[in-house]
Amino acid sequence: MTGMMRLTFAAALLALSPAAAAKIKSADDLKPDKAYLLVQVDPVEFKMMGNNRLVTGVVFAPYDAVKKEIRAGVMVRNDPVAKDGKRRLYLIEVDPGTWVIAGTGASGATLGSADTSFSLGSYHFEVGAGELADLGVFVPLREESDNPDTKMTGGKLIGMAFFGGGVEPVPNRITIRPRGSGDIVVPSWLAAKPLVQPAFIYGGTFGNQGGGLVNRIDGKDGRGRAAGETAYLSKPGQPAAAAAVAEPAPEPVPTPPSRP
789 MTGMMRLTFA
799 AALLALSPAA
809 AAKIKSADDL
819 KPDKAYLLVQ
829 VDPVEFKMMG
839 NNRLVTGVVF
849 APYDAVKKEI
859 RAGVMVRNDP
869 VAKDGKRRLY
879 LIEVDPGTWV
889 IAGTGASGAT
899 LGSADTSFSL
909 GSYHFEVGAG
919 ELADLGVFVP
929 LREESDNPDT
939 KMTGGKLIGM
949 AFFGGGVEPV
959 PNRITIRPRG
969 SGDIVVPSWL
979 AAKPLVQPAF
989 IYGGTFGNQG
999 GGLVNRIDGK
1009 DGRGRAAGET
1019 AYLSKPGQPA
1029 AAAAVAEPAP
1039 EPVPTPPSRP
């Protein structure tokens, strides 16, 4: 992908997902007719001279699960309600309805962390009016690649300093886990409000309006996963688990008529 294509893709992604609204500072700012997403975003990890971290943004968009379409959404990257180092805890005001984790944005392309659309398969979820949905901890990662152009070396790092350029970007992916005791503490003014943990439905696909890098939210591991698979964040500090699906009732066996 050329530098111009990367810029075009990034611009298209940002046009689709403008920055989130201003930071919510107190419980008085919460509106009963809106829904709220609470999400911790950890920095992208990639291998350069050891493990390096780079802050990126996560894109959420309203989703039509029937038409497989998204609308303009929000990108969380600025105005966290709490932070710890480069980790950020965001509170996002959205309209009630169905939302999808649409991709990543504002990534460091020169270091190989690319703006990515999860149009090949992502999680969508429902959130209702007045609800505060705890989405857990999102950890963006670079997809693994065998292409040597995607690897950072000492020579490339020196070349970047003198001549510009960078590492060939690869798509991002995201792992998700519940928040635990070692994660960012929810502010006290928000902790008193009940949290709901929505079911994540896998397989949300949609068009790649940006025309750039695409991936599944779980990257190569998502190949072959069944659409409609459901997961939920059971309790803080516990891993996501498959949600129970009710088995259909067996068809009644007709009783043969008795002979006279």
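Count along the sequence shown starting at 1, add 788, and that's the number in the numbering used here. Beta carbons are placed, not taken as given, at the ideal position from N, Cα and C, and that holds for glycine.
Taken atom to atom, the span from the alpha-carbon of Lys811 to that of Val869 is near 7 Å.
Per DSSP, the continuous alpha helix (DSSP H) segment holding Ser976 begins and ends at Ser976 to Ala979. DSSP places Ala921 inside the beta strand (DSSP E), whose first and last residues are Leu920 to Arg930. By the neighbour-count definition (other C-beta atoms within 10 Å, threshold 16), Asp883 is an exposed residue.
Of Arg1011, Pro986 and Asp817, the smallest CA-CA separation from Thr886 is found for Pro986.
With respect to the 8 Å criterion, Val984 and Ala921 are classified as neighbours on the basis of their beta carbons. Exclusion of the five residues before and after Gly995 leaves no residue of its chain whose Cβ lies closer than 6 Å to its Cβ. Here DSSP, grouped into helix, strand and coil, assigns Lys1008 to helix. In the structure shown, Ala902 adopts coil according to DSSP, grouped into three states. DSSP places Ala815 in the helix class (H, G or I) of the three-state scheme.
Shown here, Val869 sits in coil according to DSSP, grouped into three states, outside any helix or strand. Cβ-Cβ distances below 6 Å link Val843 to Pro831 and Lys874 in the same chain, with the five nearest sequence neighbours on each side left out; the list follows chain order.
Cβ contact annotation for Ala815 (same chain, cutoff 8 Å, sequence separation greater than five): Trp977, Leu978, Ala980 and Lys981, in chain order.
A direct Cα-Cα distance of roughly 13 Å separates Asp903 from Gln997. Between the alpha carbons of Leu908 and Lys819 lies a gap of roughly 34 Å.
With contacts defined as CB atoms closer than 8 Å, Gln828 and Asp1009 fail to qualify as a contacting pair. By the CB criterion at 8 Å, Ser905 and Val1002 fall inside the cutoff.
C-alpha of Ile880 to C-alpha of Glu914: approximately 15 Å in a straight line. In this structure Ala860 is exposed. Its beta-carbon is surrounded by fewer than 16 other beta-carbon atoms within 10 angstroms.
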